[in-house]
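*Asks:* In order, the protein sequence lines correspond to chains A and B. Mapped onto the numbering used here, the consecutive letters of the first sequence carry residue numbers 1 to 238. Mapped onto the numbering used here, the consecutive letters of the second sequence carry residue numbers 1 to 238.
Protein chains: 2
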Amino acid sequence: MPERLEPGRIHVAVDILIFTVREGRLSLLLARRKNPPFRNYWALPGRFVGLEESAEAAVRKLLAEMLPVRDVYMEQLYTFTALNRDPRGRTISMAYMIILPWQKLQAALEEEDVQLRCFGVNHDAGGLYLTAEGEEAITLTAGDLAFDHGEIIRTGVTRLQGKIDYTDVSFRFLSDTAAFSLSELQTVFEAVLDTPVDSSNFRRSIRGRYEQSGRIEQTVQAKQQGRGRPAVLYRLVK
Amino acid sequence: MPERLEPGRIHVAVDILIFTVREGRLSLLLARRKNPPFRNYWALPGRFVGLEESAEAAVRKLLAEMLPVRDVYMEQLYTFTALNRDPRGRTISMAYMIILPWQKLQAALEEEDVQLRCFGVNHDAGGLYLTAEGEEAITLTAGDLAFDHGEIIRTGVTRLQGKIDYTDVSFRFLSDTAAFSLSELQTVFEAVLDTPVDSSNFRRSIRGRYEQSGRIEQTVQAKQQGRGRPAVLYRLVK
DNA sequence: ATAAATATTGTCAAAATGACAACAAAGTGT
DNA sequence: ACACTTTGTTGTCATTTTGACAATATTTAT
């Protein structure tokens, strides 16, 4: 990747937000940049879009190069086109959101270099910031990240929160959609919204919305290892 | 605009959906293409993005060249990147939605060539189609429109319907946000959703959502020309 | 004056929501 | 064994929201 891009034309890139829920916290995968500009900064994984591929295909390739995963949820987030967002030259970036169960992501990460890390998304009065063990906290408004990736992440987190309770994205965080408990699903909601949820009301609303219509149903097995009472397992239909 | 674009690079364009509500029907501005490809087809107004302008700036320029309007609502819809969407070469299109009160749009159109027309958005079992007086109906799925503009329009209408009742976009259709009646606002909702709305429940919800919080308030004047009882006028605050 | 048109308010049962209490089934520790 | 903790699950109940519709108000048209 050259330090200076071909002048006189607009370059088109994709950047991806890989979301997961890890230990009850919404988290995001960042890559440490090996090359200038922003060398050694944390950044969203990205890639230029080839002449013979759609943006979705570019995202799939980028993903395939990074992690051995398949069948992932993918959604176009927003296209960022500010003039000076890339010091190398004129570049626009199409941001895509990807959701992976932590189990899958973790397994995939172990086979890789340590240039990738999963950061927890934290909320406080000042806004969002990202943390990981042994790393300094990353502010999203203060140029801690490469390019305009702080803005992209803020946009993504807001979108995710906005749509979690009227779409099916929450299920994409589950490691096994054929056997999950409502508590696990509740953990996803609590992590994404960063707020506690009343179990009773939560299961009422989920069952009303999904069980009635047959989108989820109880499985025969109901066992589970752990401390407390075993949970009834559900599966996502179709 | 050349028939063949410079090869070896991706071209970036913006296409705009100018929505309005006209005579109680959601409507959309289309332009008849003067040049190939798709010569004489109806299409969304579009423009290539210059090297020194953001996508928003390109949209504003396109709009300024077409219509003498200012201070319009603008929202990025989606970026379309399919490989063969433009026969001239590799082009991606960033679609933007724009909302204009019919009064403004109509005034602006009268000063223009007849290459621009406002089409009504109609819903039936087969999906969406567009109509205008003296024009054949335009299907959105059957290649009646240039490029992939049918798909873009479907995406836009769906998005607009999806967000009308939890955002403020409905107000953007009003010709005068300093003096409008709740009936006028209701007409906007009915047009966008293409379904009748109960007046009583409608005003209860609008007033609960906006009057309580001070976003709208009654104006002193309450007169109105017309047949029936004059409506109380509201104004959007700030 | 009457009718038609439009705007506005009121009512009321049904449904959804939020805040809790209570109960159930497992493991842990003494 | 027993009490205790942890996790899952169901129940309750007052409040709020919603949907359907009736009733009233104020204007123009005939």
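Beta carbons are placed, not taken as given, at the ideal position from N, Cα and C, and that holds for glycine. Computed from a predicted structure; not experimentally measured.
Go through the region 31-65 of chain B residue by residue and report every complete run of the alpha helix (DSSP H) that reaches 4 residues or more, in order.
*Replies:* Whole alpha helix (DSSP H) segments, 4+ residues: zero.
*Asks:* If you measure from the beta carbon of B:Gly229 to each beta carbon in chain A, is any gap under 7 Å?
*Replies:* The identity of residue 229 of chain B in the sequence shown is Arg, whereas the question assumes Gly. Chain A contact via Cβ: absent.
*Asks:* If you run the structure through DSSP and keep just helix, strand and coil, what is B:Ser213?
*Replies:* Three-state DSSP puts B:Ser213 in coil, outside helix and strand.
*Asks:* Can you confirm whether B:Ile138, when its beta carbon is compared against all beta carbons of chain A, has any partner nearer than 7 Å?
*Replies:* Not an interface residue.
*Asks:* Alpha carbon to alpha carbon, how far is B:Lys223 from B:Gly126?
*Replies:* Straight-line Cα distance between these residues: approximately 43 Å.
*Asks:* What does the alpha-carbon distance come out to for the pair A:Thr79 and B:Leu26?
*Replies:* C-alpha separation (whole angstroms): 27 Å.
*Asks:* Note down the Cα distance separating A:Ser199 from A:Arg229, rounded to an integer number of angstroms.
*Replies:* Looking at the two C-alpha atoms, the distance is approximately 15 Å.
*Asks:* Closest to A:Pro240 by C-alpha separation, out of A:Leu193, A:Leu67, A:Ile164 and A:Val192, would be which residue?
*Replies:* Nothing can be reported for residue 240 of chain A: it is not among the residues displayed for chain A, which extend from 1 to 238.
*Asks:* Could you confirm whether any beta carbon from chain A is found closer than 7 Å to the beta carbon of B:Ile9?
*Replies:* What sits at residue 9 of chain B in the sequence shown is Arg, not Ile. Answer yes: the Cβ-Cβ gap between B:Arg9 and chain A drops below 7 Å somewhere.
*Asks:* Along the region 46-66 of chain B, where does the CB come closer than 8 Å to a CB of chain A? Name the residues.
*Replies:* Of all residues in the region 46-66 of chain B, Val49, Leu51, Glu52, Glu53, Ser54, Ala55 and Glu56 have a Cβ within less than 8 Å of some Cβ in chain A.
*Asks:* Considering only the alpha carbon of each residue, which of A:Val157, A:Arg90, A:Ser170 and A:Glu110 lies closest to A:Tyr129?
*Replies:* Among A:Val157, A:Arg90, A:Ser170 and A:Glu110, the Cα nearest to that of A:Tyr129 belongs to A:Val157.
*Asks:* According to DSSP, is B:Gly127 helix, strand or coil?
*Replies:* Reduced to three states, the DSSP call for B:Gly127 is strand.
*Asks:* If you draw a straight line from the alpha carbon of B:Arg47 to that of B:Gln212, how long is it in whole angstroms?
*Replies:* Those two C-alpha atoms are separated by around 43 Å.
*Asks:* Please compile the residues from chain B whose C-beta is within a distance smaller than 8 Å of the C-beta of A:Thr79.
*Replies:* The answer, in chain order, is Ala55, Gln76, Thr79 and Met94.
*Asks:* Given this structure, state the Cα-to-Cα distance separating A:His11 from A:Thr91, to the nearest angstrom.
*Replies:* Those two C-alpha atoms are separated by around 5 Å.
*Asks:* Take B:Arg154 and list the residues in its own chain whose beta-carbon comes closer than 7 Å to its own, dropping the five residues that flank it on each side.
*Replies:* So the qualifying residues of the chain are Leu128 and Leu140.
*Asks:* Tell me the DSSP secondary structure of B:Phe19 in three-state form.
*Replies:* Here B:Phe19 sits in strand by DSSP.
*Asks:* What does A:Arg90 touch in chain B if you count any residue whose Cβ is under 7 Å from its own?
*Replies:* Here the neighbours are Leu51.
*Asks:* Quick one: Cα of B:Phe180 to Cα of B:Ala95, how far?
*Replies:* Cα-Cα distance, rounded: 30 Å.
*Asks:* Check whether chain A comes within 7 Å of B:Leu83, counting only Cβ atoms and requiring the distance to be less than that.
*Replies:* Cβ-Cβ to chain A under 7 Å: yes for B:Leu83.
*Asks:* Is it the case that the Cβ atoms of B:Leu193 and B:Arg88 are separated by a distance below 7 Å?
*Replies:* Cβ atoms of B:Leu193 and B:Arg88: not closer than 7 Å.
*Asks:* Output yes if chain A places a C-beta closer than 7 Å to the C-beta of B:Val12; else output no.
*Replies:* By this cut-off, B:Val12 is an interface position.
*Asks:* Quick check: the Cα distance between B:Ala82 and A:Glu52, rounded to an integer number of angstroms?
*Replies:* Cα to Cα, the separation comes out at about 10 Å.
*Asks:* Under DSSP, the beta strand (DSSP E) around A:Ala95 begins and ends at which residues?
*Replies:* Note, A:Ala95: beta strand (DSSP E), Thr91 to Ile99.
*Asks:* With DSSP as the reference, label A:Thr79 as helix, strand or coil.
*Replies:* Strand at A:Thr79.
*Asks:* Would you say the beta carbon of B:Ser27 is closer than 6 Å to some non-hydrogen atom of the ligand ZN?
*Replies:* Of ligands this structure carries none, so the ligand ZN is not represented either.
*Asks:* Can you look up A:Thr139 in the DSSP assignment and give me helix, strand or coil?
*Replies:* Strand, per DSSP.
*Asks:* If distances are taken between C-alpha atoms only, which option among A:Val72, A:Gly134 and A:Arg39 comes closest to A:Trp102?
*Replies:* A:Trp102 has its Cα closest to that of A:Val72, out of A:Val72, A:Gly134 and A:Arg39.
*Asks:* Taking the alpha helix (DSSP H) that A:Leu257 falls in, what are its first and last residues?
*Replies:* Lying before the first or after the last residue shown, residue 257 of chain A is absent from chain A, which here runs from 1 to 238.
*Asks:* Ignore the nearest five residues each way along the sequence and tell me which others in A:Tyr41's own chain have a CB closer than 6 Å to its CB.
*Replies:* So the qualifying residues of the chain are Arg33 and Ala146.
*Asks:* Among residues of its own chain, excluding the 5 on either side of A:Gln221, which ones have a beta-carbon nearer than 8 Å to its beta-carbon?
*Replies:* Cβ within range, chain order: Ala179 and Leu233.
*Asks:* Nearest by alpha-carbon distance to A:Ile99: which of A:Ala132, A:His123, A:Leu63 and A:Ser54 is it?
*Replies:* With distances taken between Cα atoms, A:Ile99 lies closest to A:Leu63.
*Asks:* Report the CB separation of B:Ile18 from B:Leu28 in whole angstroms; it is logged as a contact under 8 Å.
*Replies:* Right, the Cβ-Cβ distance comes to about 7 Å (below 8 Å), so this counts as a contact.
*Asks:* So what does DSSP say about A:Val197, is it helix, strand or coil?
*Replies:* Note: A:Val197 maps to coil in three-state DSSP.
*Asks:* Could you have a look at B:Arg235 and say whether DSSP puts it in helix, strand or coil?
*Replies:* The answer is strand: DSSP assigns B:Arg235 an E or B state.
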